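So the structure is just underneath, and the comments pick up after that.
Number of protein chains: 2
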Amino acid sequence: MEHKGFTAWFTGLPCCGKTTIAEKVAEILKNKGYKVEYLDGDIVRKNLTSDLGFSKEDRDENLKRITFVAKLLTRNNVAVLATFVSPYQKRRDIIRRDIGDFVEIYVRCPVEECIKRDVKGMYKKALSGKIKNFTGVQDPYEEPKKPDLIVDTDSETLDESVEKVLDKLDELGYIEK
Amino acid sequence: MEHKGFTAWFTGLPCCGKTTIAEKVAEILKNKGYKVEYLDGDIVRKNLTSDLGFSKEDRDENLKRITFVAKLLTRNNVAVLATFVSPYQKRRDIIRRDIGDFVEIYVRCPVEECIKRDVKGMYKKALSGKIKNFTGVQDPYEEPKKPDLIVDTDSETLDESVEKVLDKLDELGYIEK
């Protein structure tokens, strides 16, 4: 199915639920016949940015490279689902400007709840000082000022959040639900 | 026009004529309605690999990142035209394996002729020692062992080389000429 490309950008604290929602959306869109690429920290840091750490400068460079790739895919009609903490509003604004067809989805969840989930044990390490520059612990997360959509993973079910994303993409003309 | 994606990889010495041929091929394919992306050193070093130099290790890392991008585009049905000196056979073999739909085009030209052309004055700088690690001067260029196509820019016209590329892409089933 040929359609206009876009990048759905899931931003939020570590363990807020970005990946779970984006993977589900990816699966649904693939089954509908859309061309889908999923980009996340693990994929990108392995293939594009293995030289980078988590300082503000390195995060910026990391996102700069991802933006280049997402832009190329988007303008070739791919549905790009990108899940990155991407804590700074200024950088997210640059990404939106560069990609154009960009949907900012704020995956909101209180940090206390994220700490409870702590899927990979990273919060624990950050709280004990074993990891530095961890967003939500030592580093700030700037909430999106005007996201295209907010999903609340501490009060919505996964299916509810996924439906909201699909509805928004439909409303914006990127998919037909 | 939806078609199978591929990466046409133009390899050869600096100033051998890679860019001129690839840009012409890109123009023709775009006019035919194909989705085309052109990747070259200037674009990539600006957006993906500004941290890298020209040592063997850095060239490898540079090409590793490009491969990731070209692979994503290729599997989403984009016609990727990539022009990189890419002097080492082993790396080109890895790129072929990773991308799959990969067409290796050796843009052949004697180094003496490339030195005469010296479009950006780089050979001059390399020969006088102002640039190091320059392929064709201090660094080796390993000729492709089994390229899909060889074009000879010191004996063919630009149009002849371009036709040969289009014929090969047609023969391989990637385009309809």
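Chain order of the listed sequences is W and U.
The numbering used here numbers the first residue of the first sequence as 1 and each following residue consecutively.
The numbering used here numbers the first residue of the second sequence as 1001 and each following residue consecutively.
Built from N, CA and C at the ideal position, the CB exists for glycine as well.
This one's a predicted model, so the numbers in the text were calculated from it and none came from an experiment.
So is residue i in contact with chain W if we call contact Cβ pairs under 8 Å?
i, result
"R1065 (chain U)", "yes"
"N1047 (chain U)", "yes"
"N1076 (chain U)", "yes"
Could you tell me the boundaries of the beta strand (DSSP E) in which residue i lies?
i, result
"D1040 (chain U)", "1036-1040"
"T7 (chain W)", "6-11"
So, does the CB of residue i fall closer than 8 Å to a CB anywhere in chain C?
i, result
"V69 (chain W)", "This model lacks chain C altogether; the protein chains it does include are W and U."
Grab me the residues of residue i's own chain with a C-beta within less than 8 Å of its C-beta, minus the 5 sequence neighbours each way, in chain order.
i, result
"K1168 (chain U)", "V1103, I1105, D1148, L1149"
"C114 (chain W)", "L13, P14, C15, C16, Y123, G136"
"E1061 (chain U)", "T1049, L1052"
"G1173 (chain U)", "K1004"
"S1055 (chain U)", "N1133"
Residue i CB to nearest chain U CB: under 8 Å?
i, result
"D58 (chain W)", "no"
"E37 (chain W)", "yes"
"D101 (chain W)", "no"
"D42 (chain W)", "no"
"L73 (chain W)", "yes"
"D51 (chain W)", "yes"
Need the endpoints of the alpha helix (DSSP H) that residue i sits in, please.
i, result
"T20 (chain W)", "18-31"
"E171 (chain W)", "158-171"
Leaving aside the five residues before and after residue i along the sequence, list all residues of the same chain whose C-beta is less than 7 Å from its C-beta, in chain order.
i, result
"M122 (chain W)", "P14, I131, F134"
"N77 (chain W)", "E2, H3, K4, G5, K35"
"L29 (chain W)", "V36, A79, I175"
"T1020 (chain U)", "L1158"
"K164 (chain W)", "L149, V151"
"P1087 (chain U)", "T1135, D1139, P1140, Y1141, E1142"
"R65 (chain W)", "L48, T49"
"K1125 (chain U)", "I1131"
Run through DSSP, which three-state label would residue i get?
i, result
"F1068 (chain U)", "helix"
"D60 (chain W)", "helix"
Please go through the same chain and pick out, in chain order, the residues whose beta-carbon is closer than 6 Å to the beta-carbon of residue i, but skip the five residues on each side of it.
i, result
"R1096 (chain U)", "F1102"
"F1010 (chain U)", "K1018, A1022, T1083, I1105, V1107"
"L166 (chain W)", "K177"
"I1099 (chain U)", "T1007, A1070, K1071, T1074"
"V44 (chain W)", "I66"
"I1094 (chain U)", "none"
Compute the minimum distance between the beta carbon of residue i and the heavy atoms of the ligand FMN, and state whether it is under 7 Å.
i, result
"D1167 (chain U)", "Summarising the ligand content, the structure contains no ligands, and the ligand FMN is consequently not present."
Worksheet item: Which whole runs of the beta strand (DSSP E) in the stretch 1070-1150 of chain U are 3 residues long or more, in chain order?
Response: 1079-1083, 1102-1108
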